[in-house]
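Visitor: Read top to bottom, the protein sequences are chains A and B.
Note that full-length UniProt numbering has the first sequence beginning at 1, numbered continuously upward.
Note that full-length UniProt numbering has the second sequence beginning at 1, numbered continuously upward.
Idealized CB from N, CA, C, for every residue including glycine.
Note that the coordinates shown come from a computational prediction; the quantities given were computed from them, not determined experimentally.
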Amino acid sequence: MVFGKIYTYPNNPRVQKALIAAKYNNLEVQENIVAIGKDNTTPEFLAKFPLGKVPAFEGADGFTLFESNAIAYYVANKEGTQLLGKTRKEAALVQQWVAFADNEFGPTAAAWLYPILGFYPVNEAATNKAKEDVKRTLSALNKHLATKTFLVGERVTLADIVLVTSLLRFYELVFDKSFLAPFKNVHRWFTTCVNQPQFKSVLGEVKFCEKMRVADASAAPKAAAPAKEAKPAKEAKPAPANEDLQKALDAEAAKPKEKNPLDLLPKSSFVLDEWKRFYSNNDTRPTAVDWFWNHFDPEGYSIYKVDYKYNDELTLVFMSANLIGGFFQRLDHMRKYLFASLVVLGENNNSKITGYFVVRGSEIPFGIQDTVDYESYNFEKVDPSNKAVRERVNAIFAWDEKIDGVKFADGKIFK
Amino acid sequence: MAPFFGKIYSYANNPRVQKALIAAKYNKLDVQESIISVGKENTLPEFLAKFPLGKVPAFEGADGFTVYESNAIAYYVANQEGTQLLGKNEKEAALVQQWVVFADNEFSQAAAAWLYPIFGIVPYNEEATNKAKENVKKSLTGLNRHLANKTFLVGERVTLADIVLVTCLYDFFDLVFDPAFMAPFKHVQRWYVTAANQPHFKAVLGEVKLCQKMKVAKN
Numbered sequence: 001m002v003f004g005k006i007y008t009y010p011n012n013p014r015v016q017k018a019l020i021a022a023k024y025n026n027l028e029v030q031e032n033i034v035a036i037g038k039d040n041t042t043p044e045f046l047a048k049f050p051l052g053k054v055p056a057f058e059g060a061d062g063f064t065l066f067e068s069n070a071i072a073y074y075v076a077n078k079e080g081t082q083l084l085g086k087t088r089k090e091a092a093l094v095q096q097w098v099a100f101a102d103n104e105f106g107p108t109a110a111a112w113l114y115p116i117l118g119f120y121p122v123n124e125a126a127t128n129k130a131k132e133d134v135k136r137t138l139s140a141l142n143k144h145l146a147t148k149t150f151l152v153g154e155r156v157t158l159a160d161i162v163l164v165t166s167l168l169r170f171y172e173l174v175f176d177k178s179f180l181a182p183f184k185n186v187h188r189w190f191t192t193c194v195n196q197p198q199f200k201s202v203l204g205e206v207k208f209c210e211k212m213r214v215a216d217a218s219a220a221p222k223a224a225a226p227a228k229e230a231k232p233a234k235e236a237k238p239a240p241a242n243e244d245l246q247k248a249l250d251a252e253a254a255k256p257k258e259k260n261p262l263d264l265l266p267k268s269s270f271v272l273d274e275w276k277r278f279y280s281n282n283d284t285r286p287t288a289v290d291w292f293w294n295h296f297d298p299e300g301y302s303i304y305k306v307d308y309k310y311n312d313e314l315t316l317v318f319m320s321a322n323l324i325g326g327f328f329q330r331l332d333h334m335r336k337y338l339f340a341s342l343v344v345l346g347e348n349n350n351s352k353i354t355g356y357f358v359v360r361g362s363e364i365p366f367g368i369q370d371t372v373d374y375e376s377y378n379f380e381k382v383d384p385s386n387k388a389v390r391e392r393v394n395a396i397f398a399w400d401e402k403i404d405g406v407k408f409a410d411g412k413i414f415k
Numbered sequence: 001m002a003p004f005f006g007k008i009y010s011y012a013n014n015p016r017v018q019k020a021l022i023a024a025k026y027n028k029l030d031v032q033e034s035i036i037s038v039g040k041e042n043t044l045p046e047f048l049a050k051f052p053l054g055k056v057p058a059f060e061g062a063d064g065f066t067v068y069e070s071n072a073i074a075y076y077v078a079n080q081e082g083t084q085l086l087g088k089n090e091k092e093a094a095l096v097q098q099w100v101v102f103a104d105n106e107f108s109q110a111a112a113a114w115l116y117p118i119f120g121i122v123p124y125n126e127e128a129t130n131k132a133k134e135n136v137k138k139s140l141t142g143l144n145r146h147l148a149n150k151t152f153l154v155g156e157r158v159t160l161a162d163i164v165l166v167t168c169l170y171d172f173f174d175l176v177f178d179p180a181f182m183a184p185f186k187h188v189q190r191w192y193v194t195a196a197n198q199p200h201f202k203a204v205l206g207e208v209k210l211c212q213k214m215k216v217a218k219n
């Protein structure tokens, strides 16, 4: 029997903790993949989840809940479970390690891993600081685990589940052997956990990083990225992290504002904002795509087929999706002139990125050519009157299950 | 007087301690603050032996039990026999967790960008402040929707959810949530005034302060 489902984008580490807890409690919890920026902004979704945030849980009995830690807690909190500790003291310690995972490894993941994933621009100082913070945290954790198999009590609790999922990306990307050498107890604990059948059935075989990955400085601009996820450090040390936040915000504020030549083009009957709203608020097939072709103005706008040039270098699907996310983030200043859907087709280590850009004017605007990502993609103008073109555009807008005969894996919408 | 339950090491006036202190009032526990000089006392070997990360707030029970992370401390103090602070059933318990996390995720970062310049902790940045304002408005819109037909966040009574969110919003109400700004968020305003005026809240926070005119940072 289904206990409930979790709405989310694909491969969300914040969902995995609930899925592992569900395995321990023999509950069937399903993932329900939604298109972020679309499905989570519909009135039906907002009626259930007023903030529109994912992950969001809906129980078979209609009970709704958001915030990933609350979802994991709910799934964990079942009669007879020990996932939340055996006593009040253990319960408090479980809460401690859950908060610890977020506070210690959330901001450091942003500073160290996001540039590697292409989310954030490279910032060596921030990365080095994050590394030092992680080392300090791991030292304390290592001390704690010197005499313990699991974080709290003698058995796996939600604390282990949450901390393992927080550290997973670190293990995959940067925790190589030499980095972990001083933290043997942490490594032993992590390995023990991920080898529990309940962890394995959700996470699969964890790929331990052989050699610490570093961000590719040429793949992202040095300055100016939104500081959305740079959380200020909590508890006792607000000042330093706020400096970082402030720097990031300053950099963002420093972006030049100029009049865009696209504003000088003759007025178009196709109103991009209206399309974006319509796309967000209606089923894509057939309602939205029909609307699109009924309103599209080939004089004022053009459509480009966009393909990643280095598909054979793509590895994990979520990293490919992050690559798109980074590209879209750097296109933020083009929001008035651009709608785009890029998708990842295939599976880990065998995938491609493809999609369409709908842009103002008859050429690729400078604002797109000027991004560092531009050179990595092939842009080919397509004929919007061609039926086959239209059908493929529809498939990419709607994230069909199969596109070009290949399974859809992930996608992002720029709107 | 209630028996001594434990003490919380912290710097003075830490809002992250107040939530545990309010929860203690509800559960009739004597929890004391132990003010230390951060950067000094929390780096001593004795302190690190109890709290390996050296972070405050940090709780030490009368029985020697130690726990850190402010939400975990508040949870421990709240989680007593017969209490309803953590909700009456599993669903309410989960919703309490939801709002606790919500408070942190939605308002901490905004506080840094909007309020810290007013405190003079970080330099003023108009764009960052405006962005934080917009984010706060978005969060308040969701919250307002939730509170349209509710007195408290979860169930019919005060829970840890109300305690945590009130302490999180305290500085906002004190400094920037003036009547004009709050006009679209009447339910939030009503809820805040109701909760913050409960005797156990007042005992820790003092009289409720409602800002009359939004403060701005000195440029």
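Bridge partners of Gln30(A), per DSSP?
Guide: Along the first sequence, read from residue 1 onward, the residue named residue 30(A) stands at position 30. According to DSSP, which records beta bridges pairwise, Gln30(A) is partnered with Lys5(A).
Visitor: Of the residues Phe4(B), Phe172(B) and Val188(B), which one's Cα is nearest the Cα of Ala132(B)?
Guide: Taking the first residue of the second sequence as position 1, residue 132(B) is located at position 132. Comparing Cα positions, the closest option is Phe172(B).
Visitor: Per DSSP, which residues does Phe414(A) bridge with? Please list them.
Guide: Position 414 of the first sequence holds residue 414(A). Phe414(A) is bridged to Ala340(A).
Visitor: Residues of chain B with CB closer than 8 Å to the CB of His144(A), please, in chain order.
Guide: Locating residue 144(A) in the first sequence gives position 144, counting from the first residue. In chain order: Pro52.
Visitor: Using a Cβ cut-off of 8 Å, pull out every chain B residue sitting near Leu342(A), in sequence order please.
Guide: Walking along the first sequence from the start, residue 342(A) turns up at place 342. Per Cβ cutoff of 8 Å: no residues; Leu342(A) is ~26 Å from chain B at best.
Visitor: Between the Cα of Val372(A) and those of Ala35(A), Lys184(A), Gly326(A) and Thr157(A), spot the shortest distance and give me the residue it belongs to.
Guide: Here residue 372(A) refers to the residue found at position 372 of the first sequence. Comparing Cα positions, the closest option is Gly326(A).
Visitor: From what residue to what residue does the alpha helix (DSSP H) around Leu138(A) run?
Guide: Taking the first residue of the first sequence as 1, we reach residue 138(A) at position 138. It spans Glu124 to His144 - the alpha helix (DSSP H) in which Leu138(A) sits, taken as one unbroken run.
Visitor: So with CB distances below 7 Å, who are the chain A contacts of Tyr68(B)?
Guide: Taking the first residue of the second sequence as 1, we reach residue 68(B) at position 68. Against chain A, a Cβ distance below 7 Å from Tyr68(B) picks out Gln96.
Visitor: Taking C-beta pairs closer than 9 Å, name the residues in chain B that Leu65(A) reaches, listed in chain order.
Guide: Here residue 65(A) is taken as the residue at index 65 of the first sequence, counted from 1. Correct list: Lys91, Ala94, Leu95, Gln97 and Gln98.
Visitor: By the three-class DSSP mapping on this structure, what secondary structure does Val73(B) have?
Guide: Residue numbering aside, residue 73(B) sits at position 73 when the second sequence is read from its first letter. Here the sequence assigns Ile to residue 73(B), which means Val is not the residue at that position. Helix, per DSSP.
Visitor: Between which two residues does the alpha helix (DSSP H) holding Gly106(A) run?
Guide: Stepping through the first sequence from its first residue, residue 106(A) is reached at position 106. Arg88 to Thr108 is the span of the alpha helix (DSSP H), which, as asked, contains Gly106(A).
Visitor: If you count every other CB in all the chains shown that lies within 10 Å of the CB of Gln212(B), and 16 or more means buried, which is it?
Guide: Here residue 212(B) is taken as the residue at index 212 of the second sequence, counted from 1. So Gln212(B) counts as exposed.
Visitor: Where Leu265(A) and Asn386(A) are concerned, what is the direct C-alpha to C-alpha distance, given to the nearest angstrom?
Guide: In the first sequence, counting from the first residue as 1, residue 265(A) sits at position 265. In the first sequence, counting from the first residue as 1, residue 386(A) sits at position 386. Leu265(A) and Asn386(A): Cα-Cα distance of roughly 25 Å.
Visitor: Can you tell which of Phe57(A), Ala109(A) and Val359(A) has its C-alpha closest to the C-alpha of Lys276(A)?
Guide: To locate residue 276(A), count along the first sequence from 1; it is residue 276. If we check each option's Cα against that of Lys276(A), Val359(A) comes out closest.
Visitor: What residues of chain B sit near Tyr74(A), judged by a beta carbon separation below 9 Å?
Guide: Locating residue 74(A) in the first sequence gives position 74, counting from the first residue. Chain B residues near Tyr74(A): Glu90, Lys91, Ala93, Ala94, Leu95, Gln97 and Gln98.
Visitor: Using only CA atoms, which one of Leu83(A), Glu31(A) and Tyr73(A) lies nearest to Glu92(B)?
Guide: Along the second sequence, read from residue 1 onward, the residue named residue 92(B) stands at position 92. That would be Tyr73(A), whose Cα lies nearest to the Cα of Glu92(B).
Visitor: For a contact defined as C-beta to C-beta under 7 Å, what are the partners of Ala56(A) on chain B?
Guide: As a first step, residue 56(A) must be located in the first sequence, where it is residue number 56. Within chain B, no residue comes near Ala56(A); the closest Cβ sits about 10 Å away, beyond 7 Å.
Visitor: Residue 224(B) CB to nearest chain A CB: under 7 Å?
Guide: Nothing can be reported for residue 224(B), as the shown portion of chain B is limited to 1 through 219.
Visitor: If the cut-off is 9 Å on Cβ atoms, which residues from the UniProt domain "GST C-terminal" (87–215) of chain A count as contacting chain B, listed in chain order?
Guide: Taking 9 Å as the Cβ-Cβ cut-off against chain B, the residues of the UniProt domain "GST C-terminal" (87–215) of chain A that qualify are Arg88, Lys89, Ala91, Ala92, Leu93, Val94, Gln95, Gln96, Trp97, Val98, Ala99, Phe100, Asp102, Asn103, Glu104, Arg136, Thr137, Ser139, Ala140, Leu141, Lys143 and His144.
Visitor: What in chain B is Cβ-close to Asn12(A), meaning under 9 Å?
Guide: As a working note, residue 12(A) is residue 12 in the first sequence. Chain B residues near Asn12(A): none, gap ~15 Å exceeds 9 Å.
Visitor: Just to make sure I have the definition right: I need the residues of chain A whose C-beta is within less than 8 Å of the C-beta of Asn71(B). Which are they?
Guide: Looking up residue 71(B) in the second sequence gives position 71. Going along chain A in sequence order, the residues near Asn71(B) (Cβ under 8 Å) are Gln95 and Ala99.
Visitor: For a test of the three-state rule: what should DSSP assign to Asn149(B), helix, strand or coil?
Guide: Position 149 of the second sequence, counting from 1, holds the residue named residue 149(B). Looking at Asn149(B) - three-state DSSP - the assignment turns out to be coil, as it is neither helix nor strand.
Visitor: Does any CB atom of chain A fall closer than 7 Å to the CB of Tyr26(B)?
Guide: The sequence position of residue 26(B) within the second sequence is 26, counting from 1. Taking Cβ atoms only, chain A never reaches closer than 7 Å to Tyr26(B), which makes this a no.
Visitor: Determine which residues share a DSSP beta bridge with Glu33(B) and list them.
Guide: Residue 33(B) sits at position 33 when you count from the first residue of the second sequence. Bridge partners of Glu33(B): Ile8(B).
Visitor: If Ser166(A) sits next to Phe105(A), beta carbons under 8 Å apart, how far is it from one beta carbon to the other, in whole angstroms?
Guide: Position 166 of the first sequence, counted from the first residue, corresponds to residue 166(A). Position 105 of the first sequence, counted from the first residue, corresponds to residue 105(A). Contact holds; Cβ gap of about 5 Å.
Visitor: Take Gln196(A) and list the residues in its own chain whose beta-carbon comes closer than 8 Å to its own, dropping the five residues that flank it on each side.
Guide: In the first sequence, the residue the question calls residue 196(A) occupies position 196. Closer than 8 Å at the Cβ level, and outside the excluded window around Gln196(A), lie Val156.
Visitor: With a cut-off of 7 Å, does the C-beta of Asn26(A) fall near any C-beta of chain E?
Guide: This model lacks chain E altogether; the protein chains it does include are A and B.
Visitor: Let me confirm a value: Thr8(A) is counted as buried when at least 16 other C-beta atoms fall within 10 Å, else exposed. Which label applies?
Guide: Numbered from 1 along the first sequence, position 8 holds the residue referred to as residue 8(A). It counts as buried.
Visitor: In the DSSP assignment, the beta strand (DSSP E) including Ile364(A) goes from what residue to what residue?
Guide: Position 364 of the first sequence, counted from the start, is the residue given in the question as residue 364(A). Looking at the DSSP string, Ile364(A) is not in any beta strand (DSSP E), and its letter there is neither H nor E.
Visitor: Could you tell me which residues DSSP puts in a beta bridge with Val359(A)?
Guide: The sequence position of residue 359(A) within the first sequence is 359, counting from 1. Note: Val359(A) sits in a beta bridge opposite Ser302(A) and Leu338(A).
Visitor: Could one say the Cβ of Pro50(A) lies closer than 7 Å to chain B's Cβ atoms, at least one of them?
Guide: One-based indexing of the first sequence puts residue 50(A) at position 50. Interface residue, yes.
Visitor: Assuming Tyr68(B) is part of the beta strand (DSSP E), what are its boundary residues?
Guide: Residue numbering aside, residue 68(B) sits at position 68 when the second sequence is read from its first letter. First-last of the beta strand (DSSP E) with Tyr68(B): Thr66 to Tyr68.
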